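As structure tokens, the structure follows; a few thoughts come after it.
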Amino acid sequence: GIDSRSVIVDETAPLFYVTQNNNYPPMLFIVSDGDMVNRYEQMMVMMKTLEHFENDMSKIRLVVMKNSNHCSYLCDDSSENSLLFRKTICEFIKNNK
């Protein structure tokens, strides 16, 4: 029932928990270029907040899925974006064991 245009940072939002921790595990953020309004900007706020709190940004990666909308790359196993998504996840896991 909350207006989707509202900006709410409460205990259900990952941003709520960002601190100067430096013990965060590696993180992978994925957003679509045709995602919900402001989703990319929300990811950038998260990234900049992590940076502001001096977290190790070399452990944090942002991937923008081109020519897709919110999670559309999960629906079609044969699409180029679906293959890229799976490759991105596998590489991230492999590089962060």
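The opening position of the sequence shown corresponds to residue 163 in the numbering used here, with each subsequent residue numbered one higher.
Think of the CB as a built atom: it goes at the ideal place given N, C-alpha and C, for glycine as much as any other residue.
The structure presented is a predicted model; accordingly, all values stated were derived computationally and were not measured.
Simplified DSSP state of residue i, which is helix, strand or coil
i: residue 244; result: helix
i: residue 184; result: coil
i: residue 173; result: coil
i: residue 255; result: helix
Pairwise C-alpha distance: residue j and residue i
i: residue 185; j: residue 195; result: 30 Å
i: residue 228; j: residue 182; result: 32 Å
i: residue 177; j: residue 206; result: 11 Å
i: residue 223; j: residue 241; result: 23 Å
i: residue 187; j: residue 255; result: 12 Å
i: residue 208; j: residue 214; result: 10 Å
i: residue 172; j: residue 231; result: 26 Å
Open item on the list: With three or more beta-carbon pairs closer than 8 Å as the criterion, would you say the segment 211-218 touches the segment 245-253?
Closed with: no
TODO: Taking only runs that begin and end inside the segment 186-243, name each unbroken beta strand (DSSP E) of 3 or more residues, in chain order.
DONE: 189-196 and 222-231
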